[in-house]
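Beneath this line is the structure, given in structure tokens, with notes to follow.
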Amino acid sequence: MIEAIPIQLVIMLVGLAATMAFVGLNAIVLVYLERKVAGFIHRRPGPYEVGPHGILQPFADGLKLVGKQIFTPKGADSFLYWLAPMISMAPAVVCFLVIPFGPHLQIINTNVGLVLILAFTGVNVLALCIAGWTSQNKYSLLGAARGVSQSVAYEIPLLLSVLPIIFLTGTFNLFDIATNQGSWPWQWFVVTQPLAFIIFFICALAETNRAPFDLPEAESELTAGFHTEYSGMGFALFFLSEYAYMVIAACVGAILFLGGFKGPIVDGWWWFLAKVYILLLIMIWIRWTFPRVRFDQLLNICWKWLIPLAILNLLITLLVIAL
Amino acid sequence: MIAKSIRENLQGMWSLLVGMKVTGKNFVQPNITVHYPRQTVASLEGYRGHVELVPHDKDPTKSKCIACSNCVRICPNSCITMKAVKPKKKAEDKEAAGDQSEGKKKAPAKKAKPELQSFILDYNYCSLCGQCAELCPTGALRFSSNVYLAGFTRQEFVIDLLARLQRQAQTKGAPNG
Amino acid sequence: MNLDLRLDTSGDFYAQKFQPTKREDTLILNMGPQHPSTHGVLRIILEIDGEYIVRAQPVLGYIHRMHEKMAEVMSYPQYLPNPARTDYLHALAWGWAHVGAVERLMGLEVPERAEFIRVITCELNRINSHLLWWGAYLLDLGAFTPIMYAFDDREIIMDIMQRVTGSRLTYCYYRFGGVSGDIDDRFVSETREQCARMKERFKMYKALVTENFILRKRVEEIGEISVDTCRRYGATGPVLRGSGQEYDVRRAEPYSVYDRFDFNIPAYNDCDAMGRYLVRMDEMQESIKIIEQALDALPEGDFIHPKAPKRAKPPAGDVYFAVEGARGKIGMHLVSDGGKSAYRLKLRAPGFSNLSLFGEVSQGTLISDAVSILGSLDLVIPEIDR
Amino acid sequence: MSDQAEKSVTAPEKEEAAKTEEKVPLYTGYDLDYFVTPKDLIDAVRKLDQAGFFLEDISCLDMKEGFQLVYHFDRFDQPGRVGLRVMQDRENHDVPSIHHIYPGADWHERECFDFFGIRFKGHPNLLPLLLDPDHQGPPPLIKDESARKSLEELYPDRVTTPVNIEDEQFTREITNCSNPKYRNPS
Chain A
1 MIEAIPIQLV IMLVGLAATM AFVGLNAIVL VYLERKVAGF IHRRPGPYEV GPHGILQPFA
61 DGLKLVGKQI FTPKGADSFL YWLAPMISMA PAVVCFLVIP FGPHLQIINT NVGLVLILAF
121 TGVNVLALCI AGWTSQNKYS LLGAARGVSQ SVAYEIPLLL SVLPIIFLTG TFNLFDIATN
181 QGSWPWQWFV VTQPLAFIIF FICALAETNR APFDLPEAES ELTAGFHTEY SGMGFALFFL
241 SEYAYMVIAA CVGAILFLGG FKGPIVDGWW WFLAKVYILL LIMIWIRWTF PRVRFDQLLN
301 ICWKWLIPLA ILNLLITLLV IAL
Chain B
1001 MIAKSIRENL QGMWSLLVGM KVTGKNFVQP NITVHYPRQT VASLEGYRGH VELVPHDKDP
1061 TKSKCIACSN CVRICPNSCI TMKAVKPKKK AEDKEAAGDQ SEGKKKAPAK KAKPELQSFI
1121 LDYNYCSLCG QCAELCPTGA LRFSSNVYLA GFTRQEFVID LLARLQRQAQ TKGAPNG
Chain C
2001 MNLDLRLDTS GDFYAQKFQP TKREDTLILN MGPQHPSTHG VLRIILEIDG EYIVRAQPVL
2061 GYIHRMHEKM AEVMSYPQYL PNPARTDYLH ALAWGWAHVG AVERLMGLEV PERAEFIRVI
2121 TCELNRINSH LLWWGAYLLD LGAFTPIMYA FDDREIIMDI MQRVTGSRLT YCYYRFGGVS
2181 GDIDDRFVSE TREQCARMKE RFKMYKALVT ENFILRKRVE EIGEISVDTC RRYGATGPVL
2241 RGSGQEYDVR RAEPYSVYDR FDFNIPAYND CDAMGRYLVR MDEMQESIKI IEQALDALPE
2301 GDFIHPKAPK RAKPPAGDVY FAVEGARGKI GMHLVSDGGK SAYRLKLRAP GFSNLSLFGE
2361 VSQGTLISDA VSILGSLDLV IPEIDR
Chain D
3001 MSDQAEKSVT APEKEEAAKT EEKVPLYTGY DLDYFVTPKD LIDAVRKLDQ AGFFLEDISC
3061 LDMKEGFQLV YHFDRFDQPG RVGLRVMQDR ENHDVPSIHH IYPGADWHER ECFDFFGIRF
3121 KGHPNLLPLL LDPDHQGPPP LIKDESARKS LEELYPDRVT TPVNIEDEQF TREITNCSNP
3181 KYRNPS
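Chains as they are written, first to last, in this note's numbering: chain A, 1 to 323; chain B, 1001 to 1177; chain C, 2001 to 2386; chain D, 3001 to 3186.
The following block contains the structure:
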């Protein structure tokens, strides 16, 4: 009987539970971090009242969102309407399965890890599309239209910026990519591929709908974009998935360009977490500094700058490898 | 043209870094917000709360008000209502009392001054223009500095200033500002 | 789901009057009156093709309070707090327009010191207004931080003003024949300090925002308004000066003691939102220049005319008095019949004229640009709706 | 300015108010002020347009003779205010809309329609602007019969006859119109 259950399945289920916990924990930390960083940039204390230095603020937020009325707009297709936040959240959890957190801390070591992540993060756009379409709201519709074209456009330079790393390492396996880099910063791919890193980072911002590319939910233009009508847990799931995708983007960036769990002296998950959070902090810092770009500018950046540069970078890399 | 465009964009990228430097610098500098319940702002001088009656020099439970109702008439929002009774006679003096009775108020024996019964301010409608206090011939009105006035009903902001004055006089000899 | 989003028959009066054009592929979008970038309760009905605006029609009146009727009902002094409520951001300029109109009709002289105090406080208020605009405009463009820095400076100015005027926003400080209270040495020294501080802050603002690449791309060549468009719509203030026309009431019809100060009228020929942005940024510095000169030359004397009447009663006649507000030319057309309240008081709100050109300028722009244009016009809706 | 000798005025009002009672206002804000007939309005406005004026606002008054519309114009490069006053009958409104010359007049005319109920001839979109479309009752700024004042009462000693705009003098005056206090900064 015991043998009938494949060990893979057990690992996967435990892993899923663990990643879900990780996603939740990360979201809590990130919400707090974002608000605190924003506060300090604004020269104000940020959350301060709930718990010591406001540390329990995310829990209070969560409680508030859970307690809110679940509201479906009149005329909306309620099945699709509520499916959208779930579609948004589910792939995020899966992506964490293949991420090597440390030398011995990876749930599934698969040869297509990177492909899996790139594929599953692409599903998010479907959620945006459904949410915007079924909300029966013109702002949501416009937000969804922006979201779809933005995501589709930025997939290309994202892939093109990842390709050089794959050519350099010859594998899609995230663990192997990480171990291909040395322990010291100058042995990381960010040194050999700075352009690819910058393109990757910009694309990651765009893919995760972070400012200055937060057009699908551009507050001052489209009120809240695709999630205008969502309340309570529907909104919370979108919120959670946004932070989850941020973490995924930071994780992939850390693995591909910053050596993943490799670090000076002793390799381990601590290096990985530190790198991930540095990337996240930069994302937050950027958000609280810049205005939002315009929609056509966003696409112009992609088609006129990022894609040509990424292709150029790829060709140069191939040339160097060939030589 | 391409070179120019590239240069422009590189400069643009540099400007973004400069912007991040500014926010980064602010990030490490101390807060400037006041943590309200634990700290309070110092700059309350000149703050105009609702108007209040100035106690009489001799008797802190009495007001300097002579019930001329200049303030009632000037108030743009008619938020002052005043009730006064005249002890005994002399009805014709009440018109003149409004203008220049600075010196006369110290001689209560001669003139039958109207006695202020109540001075009700509907703070809900007050626009704090200060004309009542400016127009008062005896300087019987001034602004309180009660910043922390809060209430749950509108009724709480309909204040009998005379009662408030008497209350203040009872609780403590000195006015609490 | 109703796929034909164009034919919204359930709309209200204005939505129904705003019939879609013959095109089949457009969408009617109702922006406001509750919308983050309309700053209050402006409503704009847009006909959009994708994200491009085909037609835009502002709908006003959501915060209309009939200030003009109030002027006919209240006596002149009773009306004093009202102008501050029209444009709460540059309350003193509106107060000045009202007080000035009545003074001119009465032939009432204002002591020199009072004129200087008015100039100083009005310019401080202008800086405050522009700072808030700056923060709110950046908020429209998606940058959250600048408004916090702007409020940091605003708070200091408001503290300074509060000591003298007693209020922080809706000042009721000017009286017929002067001001309600004198300024003291502490006001002077604090204002000087703040002027010095602001000069440093402008450098920071420039580094953080003005030179920011993304911002420049969002405002340069956006919302081009020619001088002739401004003329046909009667747009004034920074909107006009952003189109390169050096027109400022403080220079064109010098009132008070403005003709004694040396200050520039910033004007930019680009005609775009960046021009209007730069005009306002420069104007704050010019205001500081004026304040510093006024503080240096501050004469002694009365702060209010000793014989200023408590109950103003101008003779019959009419007067038009204009001042330069933060948003443009504030005009007051006062007609008196010799009574104790105005026979008719017409308020010319600069934002009213400035907004009226939005319908023309926004045609063919993206929604994002329309938000940028709307922000660059610096609208204060209570002023437009009065 | 108000340094005239204190006279013992018989008026029962306050002294300071009485002091300014008989004074002619020194400042009106108008550099030129004309009465024009509704027929001539379009031509006059067109001339102002050609002279480079912009429309400041359209004010309106309710008086015994009917309505008085006051069009205020000013100029950017050579400041100087021109007022055009048009008298309107209380019932029959024949004042033309000037929105095709000054598109900015559109809203000002709608505002006058809101507050006074004046119907501008040829206005394309005469809808309530500031008031609620469901507003009931008379326009808010219409005065009571008893409160209305006549032209003489409001503008003592002023010429209220319409100007002949065909006259060369009118064109010359508006072209040369200038605020005496304006100094060229250069």
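Backbone N, C-alpha and C fix where the C-beta goes; we use that ideal spot for every residue, glycine too. Note that this is a predicted model, so its numbers are computed, not measured.
Outcome for residue i when other beta-carbon atoms lying within 10 angstroms are tallied against a minimum of 16
i        : result
Y1036(B) : exposed
L13(A)   : exposed
V10(A)   : exposed
N2030(C) : buried
R1167(B) : exposed
M2001(C) : At M2001(C) the pLDDT is 37, less than 50, meaning the model places this residue with poor confidence; the figure from the coordinates comes in the next sentence. It counts as exposed.
E3145(D) : exposed
D2296(C) : exposed
A1003(B) : exposed
P3133(D) : exposed
F324(A)  : The structure shown does not extend to residue 324(A), since chain A is modelled only from 1 to 323, so the question has no answer here.
N180(A)  : buried
V191(A)  : exposed
D1099(B) : Residue placement at D1099(B) is flagged as unreliable, the pLDDT there being 45, under the threshold of 50; the coordinate-derived value follows with that caveat. Classification of D1099(B): exposed, given that the 10 Å Cβ count is below 16.
K3149(D) : buried
N170(A)  : The question names Asn, yet the displayed sequence has Gly at residue 170(A). Per the 10 Å Cβ criterion, exposed.
R1007(B) : exposed
N173(A)  : buried
K3121(D) : exposed
F2013(C) : exposed
Which residues DSSP lists as bridging residue i, in chain order
i        : result
S2336(C) : G2317(C)
K3084(D) : Checking the sequence shown, residue 3084(D) turns out to be Leu, not Lys. Y3034(D) and Y3071(D), per the DSSP bridge assignment.
Y2052(C) : D2049(C) and L2366(C)
G2178(C) : R2175(C) and I2304(C)
E1052(B) : R1142(B)
T1232(B) : The structure shown has nothing for residue 1232(B), since chain B only spans 1001 to 1177.
K68(A)   : According to DSSP, K68(A) bridges with nothing at all.
K2329(C) : E2324(C)
I1159(B) : L1121(B)
D3057(D) : H3072(D)
Nearest-angstrom beta carbon gap, residue j and residue i [assumed within contact, 8 Å]
i        : j        : result
P212(A)  : G225(A)  : Not confirmed; about 15 Å, so no contact.
S2336(C) : P2315(C) : 7 Å
D3033(D) : G3083(D) : 4 Å
I2045(C) : A2015(C) : 6 Å
I1120(B) : T1153(B) : That belief does not hold up - the Cβ atoms of I1120(B) and T1153(B) are roughly 16 Å apart, past 8 Å.
G2229(C) : I2120(C) : According to the sequence displayed, residue 2229(C) carries Thr and not Gly. No, T2229(C) and I2120(C) are not in contact; Cβ-Cβ is about 35 Å, not under 8 Å.
E221(A)  : S2368(C) : 5 Å
P58(A)   : W184(A)  : With a Cβ gap of about 36 Å, P58(A) and W184(A) do not count as contacting.
N2286(C) : P2266(C) : At residue 2286(C) the sequence reads Glu, which differs from the Asn that was named. The pair is a contact, with the Cβ atoms about 7 Å apart (cut-off 8 Å).
The ligand ZN heavy atom lying under 7 Å from the CB of residue i
i        : result
G2317(C) : The model depicted lacks the ligand ZN and carries no ligand whatsoever.
Exercise for review: Could you tell me whether the stretch 2134-2143 of chain C touches the stretch 2372-2379 of chain C, using the rule of 3 or more Cβ pairs below 8 Å?
Suggested key: Touching, yes.
Review point. Okay, do the stretch 2353-2366 of chain C and the stretch 2086-2106 of chain C touch, 3+ Cβ pairs below 8 Å being the bar?
Key: no
Point to revise | Chain-ordered residues of the stretch 2358-2371 of chain C with a beta carbon less than 9 Å from chain A | key: L2366, I2367, S2368, D2369, A2370 and V2371
Practice item. Determine which residues of the stretch 2224-2246 of chain C have a Cβ less than 8 Å from any Cβ of chain B, and write them out in chain order. Key: Per Cβ criterion, the list is empty.
Exercise for review: Pair every Cβ in the stretch 1037-1057 of chain B with every Cβ in the stretch 1137-1152 of chain B, then say whether three or more of these pairs are closer than 8 Å.
Suggested key: Touching, yes, given that three or more Cβ pairs across the two stretches are closer than 8 Å.
Review point. When the Cβ atoms of the stretch 13-28 of chain A are set against those of the stretch 87-94 of chain A, are three or more pairs found closer than 8 Å?
Key: yes
Check your understanding: Are the stretch 141-158 of chain A and the stretch 202-212 of chain A in contact at 8 Å, needing three or more beta carbon pairs?
Key -> yes
Review point. If contact means a Cβ-Cβ distance below 7 Å, which residues of the stretch 3056-3070 of chain D contact chain C?
Key: E3056, D3057, S3059, L3061 and V3070
Practice item. Mind the definition here: the stretch 2282-2292 of chain C touches the stretch 2120-2133 of chain C only if three or more C-beta pairs lie below 8 Å; say whether that holds. Key: yes
Review point. Listed in chain order, which residues of the stretch 2139-2164 of chain C have Cβ atoms closer than 7 Å to some Cβ of chain B?
Key: Result list: T2145, D2152, D2159, Q2162, R2163 and V2164.
Point to revise | Near-chain C residues of the stretch 3134-3165 of chain D - C-beta to any C-beta below 7 Å | key: P3140, L3141, K3149, E3153, L3154, Y3155 and P3156
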